[in-house]
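Taking the UniProt record's numbering, I'd label the letters of the first sequence as residues 1 to 579.
No residue lacks a Cβ here, since even glycine has one placed at the ideal position from N, Cα and C.
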Amino acid sequence: MAQLHVYETLLQKCKALSQIKQLQAYLTVAGVLPAVAGIRVKLLEVCSLAPISALDHSQLLFAHTSSRTTNDYNALLRGFAASDEPLQALTFYPLLLRSPSRPDALSLSFALKASARLSDLPSSFQLHSQLLRLGFTPDSILLTTLIDSYAKSGELQDAEKVFDEMPKRDAATWNVMISGLVQGGRPNDAFKLFEQMCDPGSPARPNEVTVIAALSACAQLGAPREGAVVHSYARAQHLDVDVRVLNALIDMYSKCGCVDQAVEVFRSIERPTLVSYNAMIMALALHGHGTEAFYLFKEMVKPGANEIEPDAVTFLAVLSGCNHAGLVNEGLEIFMSMKISRTIKHYGCIVDLLGRAGRLSEAYNVITSMPLEPDIVLWQTLLGASKTFGDVNMAELVSKKLAEMGSNGDGDYVLLSNVYAAKERWAEVGRVREEMRSKDVRKVPGFSFVELDGVVHKFLNGDKGHERWREIYRMLDEISVKIKVFGYVPETSNVLHDIGEEDKENALYYHSEKLAMAFGLISTQDCETIQVIKNLRICGDCHLVAKLISKAYDRVIIVRDRARFHRFEGGACSCNDYW
DNA sequence: ATAGGGTTAG
Numbered sequence: 001m002a003q004l005h006v007y008e009t010l011l012q013k014c015k016a017l018s019q020i021k022q023l024q025a026y027l028t029v030a031g032v033l034p035a036v037a038g039i040r041v042k043l044l045e046v047c048s049l050a051p052i053s054a055l056d057h058s059q060l061l062f063a064h065t066s067s068r069t070t071n072d073y074n075a076l077l078r079g080f081a082a083s084d085e086p087l088q089a090l091t092f093y094p095l096l097l098r099s100p101s102r103p104d105a106l107s108l109s110f111a112l113k114a115s116a117r118l119s120d121l122p123s124s125f126q127l128h129s130q131l132l133r134l135g136f137t138p139d140s141i142l143l144t145t146l147i148d149s150y151a152k153s154g155e156l157q158d159a160e161k162v163f164d165e166m167p168k169r170d171a172a173t174w175n176v177m178i179s180g181l182v183q184g185g186r187p188n189d190a191f192k193l194f195e196q197m198c199d200p201g202s203p204a205r206p207n208e209v210t211v212i213a214a215l216s217a218c219a220q221l222g223a224p225r226e227g228a229v230v231h232s233y234a235r236a237q238h239l240d241v242d243v244r245v246l247n248a249l250i251d252m253y254s255k256c257g258c259v260d261q262a263v264e265v266f267r268s269i270e271r272p273t274l275v276s277y278n279a280m281i282m283a284l285a286l287h288g289h290g291t292e293a294f295y296l297f298k299e300m301v302k303p304g305a306n307e308i309e310p311d312a313v314t315f316l317a318v319l320s321g322c323n324h325a326g327l328v329n330e331g332l333e334i335f336m337s338m339k340i341s342r343t344i345k346h347y348g349c350i351v352d353l354l355g356r357a358g359r360l361s362e363a364y365n366v367i368t369s370m371p372l373e374p375d376i377v378l379w380q381t382l383l384g385a386s387k388t389f390g391d392v393n394m395a396e397l398v399s400k401k402l403a404e405m406g407s408n409g410d411g412d413y414v415l416l417s418n419v420y421a422a423k424e425r426w427a428e429v430g431r432v433r434e435e436m437r438s439k440d441v442r443k444v445p446g447f448s449f450v451e452l453d454g455v456v457h458k459f460l461n462g463d464k465g466h467e468r469w470r471e472i473y474r475m476l477d478e479i480s481v482k483i484k485v486f487g488y489v490p491e492t493s494n495v496l497h498d499i500g501e502e503d504k505e506n507a508l509y510y511h512s513e514k515l516a517m518a519f520g521l522i523s524t525q526d527c528e529t530i531q532v533i534k535n536l537r538i539c540g541d542c543h544l545v546a547k548l549i550s551k552a553y554d555r556v557i558i559v560r561d562r563a564r565f566h567r568f569e570g571g572a573c574s575c576n577d578y579w
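This is the structure we're talking about:
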């Protein structure tokens, strides 16, 4: 009889279920299966994991095994946890608890993986208590998995508690904690942890994964200075030879408003991967360089040695680039050329593309004839376009659809009301506002922030909470005098309420981004770029004011809004007023 | 009967 490890090697080499079955038949006839536990478990593992992933077959095998070991269970658990239905791992796990076998560290590890992928907090709690009862607390790999599971379930406090109480933490432990904080919306704390890890006294040294997570924190913060710190650290430690680190750098620079640096990093990559292209196309799209995004896409898919197959993310990136640059035909061409299946987001891009171009009925037809169920966001996109083009009929039609779908987003009401307001149909404006009041829908407050020497200065509309608010308002007055010379006329059509023109001007006057820009002007040097981050989309009036400030004060202003960047210089914006 | 299991950019 052949050595057992030969069978293992053969099993390992199987690329299809048919090959597995042949081998299985042979092993059964030879009397190896199901008797030899090692081979049986190996067979289960190979069946359960990629590239075979035949979990049905694994379950059959498992059902025909009479004396099961923990490892038999683990092989299946592992497969379930990695499958696209991780819930199966959590329903299977109790069978192990009720069997004569005991769960070991691996069983817990796979179950925790499943609860992480499902963001299922209750099972993370349960598995944590079992981990304690079974005495696995000295197992730092298992605790790392537990931290990850807590973090991915949104329970950062417990993740931190486990992290803090661990006697020994290696780089991976720090990494799960840092990326957990990033994904949980606490990029500041993530960055602090990265700094701690960089300290010469720290027992764990940051690696590629750490740097990627730290860069993602900086991207989320829109903090180019911190990003540059991470970049120099990566360079010093020679971690920037890893293409994933370079890709994270592209993303960080682009989200921090520095497209040029993002381009520089992209150009330095010898063999850009799919993700490199995606990050770069996305960066160009974000900054309104739609034509460049389009050509980079063309370059990427050009037949030849470096040809790369675009995926769903690529199409989203290039389509949004076309959107923000008004490249309607290019966008449609790309959409038509898609060979992979389209998601609702791709349709969203096309609706946006047509809508922005004023082709509202075509956009409507796309929504009603597409093979997917339209979602709220899709209709909201069309509602936004109806508002832009003042199409009352379309706005009413779409609002009705939205109401039917049970949407009660504040934006829907505000947009519809704005359509009416622009036509001075105040009765309807009042009706919409009354509906908002009765359903207790409130407008999400707009805010902007400016980061200065590591301190974040936040402004709400009409905010007087800042310690220098008097100076800020004085600066606003100065700005309004100065920009009138350049022909400023307030764009009051975006103001929701039926109030007098003068009050409307005042409502616009104190928009958070204006306060932020005024603060930027009084607190930075004459040549410095002012960076503002805003939670909503920038309004037309603020956009106009930003352009005029950039001219009147000879300043570069970069505004990152919800969807993209605007770079104002010399009286013009990088978006060419199309956004 | 051993080992196996953790982090990662668009």
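Going straight from the alpha carbon of residue i to that of residue j, what length do you get?
i: Ser341; j: Leu372; result: 11 Å
i: Ile306; j: Ile212; result: Sequence check: residue 306 is Asn here, not Ile. Approximately 25 Å, taken between the alpha carbons.
i: Ala283; j: Cys575; result: 14 Å
i: Gly135; j: Ala190; result: 30 Å
i: Leu11; j: Val32; result: 13 Å
i: Ala151; j: Ala228; result: 27 Å
i: Ala320; j: Asn408; result: Note that residue 320 corresponds to Ser in the displayed sequence, not to Ala. Cα to Cα, Ser320 sits roughly 26 Å from Asn408.
i: Asp242; j: Val182; result: 21 Å
i: Arg225; j: Arg102; result: 51 Å
i: residue 605; j: Ile533; result: Outside the shown range of the chain, which is 1 to 579, sits residue 605, and nothing can be said about it.
i: Gly358; j: Ser386; result: 8 Å
i: Asp240; j: Val377; result: 38 Å
i: Ser109; j: His5; result: 26 Å
i: Asn418; j: Asp554; result: 34 Å
i: Pro138; j: Ala89; result: 24 Å
i: Arg271; j: Lys400; result: 50 Å
i: Asp453; j: Thr524; result: 10 Å
i: Asp375; j: Asp463; result: 35 Å
i: Cys256; j: Leu60; result: 53 Å
i: Lys439; j: Pro94; result: 45 Å
i: Gln126; j: Glu208; result: 32 Å
i: Arg235; j: Glu195; result: 16 Å
i: Val450; j: Ser550; result: 16 Å
i: Ser123; j: His57; result: 27 Å
i: Gln531; j: Arg567; result: 9 Å
i: Ala25; j: His64; result: 14 Å
Count the other C-beta atoms from every protein chain shown that fall within 10 angstroms of the C-beta of residue i, then say buried if there are 16 or more, exposed otherwise.
i: Tyr420; result: buried
i: Gly527; result: Sequence check: residue 527 is Cys here, not Gly. Label assigned to Cys527: exposed.
i: Tyr488; result: buried
i: residue 583; result: For residue 583 there is no data in the structure shown, the boundaries of the chain being 1 and 579.
i: Glu45; result: buried
i: Gly465; result: exposed
i: Lys42; result: buried
i: His289; result: buried
i: Asp72; result: buried
i: Gly406; result: exposed
Give the C-beta separation of residue i and residue j to the nearest angstrom, bearing in mind that I take them to be a contact with Cβ-Cβ under 8 Å.
i: Leu402; j: Leu383; result: 7 Å
i: Leu521; j: Arg562; result: 23 Å between Cβ atoms; not a contact.
i: Arg205; j: Ala171; result: 6 Å
i: Phe565; j: Ser512; result: Actually they do not touch by this definition, with Cβ atoms about 17 Å apart.
i: Val482; j: Ala552; result: Sequence inspection shows Lys at residue 482; the Val mentioned does not correspond to that position. That pair is a contact at about 5 Å.
i: Phe315; j: Ile344; result: Between Ile344 and Phe315 the Cβ distance is about 13 Å, and since that is not below 8 Å, they are no contact.
i: Val366; j: Val351; result: 6 Å
i: Gln380; j: Asp412; result: 6 Å
i: Glu330; j: Cys322; result: 5 Å
Hey, would you say the C-beta of residue i is under 8 Å away from at least one heavy atom of the ligand GTP?
i: Leu33; result: Among the components modelled here there is no ligand, and therefore nothing to report on the ligand GTP.
Anyone know if the C-beta pair for residue i and residue j falls short of 9 Å?
i: Ala37; j: Cys47; result: no
i: Leu221; j: Asn188; result: yes
i: Val265; j: Leu246; result: yes
i: Ala217; j: Asp251; result: no
i: Ser480; j: Tyr509; result: yes
i: Glu491; j: Cys539; result: yes
i: Lys168; j: Pro203; result: yes
i: Ala427; j: Gly390; result: no
i: Thr70; j: Leu112; result: no
i: Gly180; j: Ala214; result: no
Please list the segments of the alpha helix (DSSP H) lying wholly inside the segment 463-537, counting only runs of 4 or more residues, in order along the chain. 469-485, 501-509, 512-523
In chain order, which beta strand (DSSP E) runs of at least 3 residues are fully inside the segment 168-239? none
Note down, one range per segment and in chain order, each alpha helix (DSSP H) of at least 4 residues found wholly within the segment 246-324. 259-268, 274-286, 290-301
Residue ranges of each alpha helix (DSSP H) within the segment 52-135, 4 or longer: 55-63, 70-82, 87-98, 105-118, 121-133
Quick one: which unbroken alpha helix (DSSP H) runs of 4-plus residues sit fully inside the segment 329-416? Chain order, please. 344-356, 360-369, 376-388, 392-404
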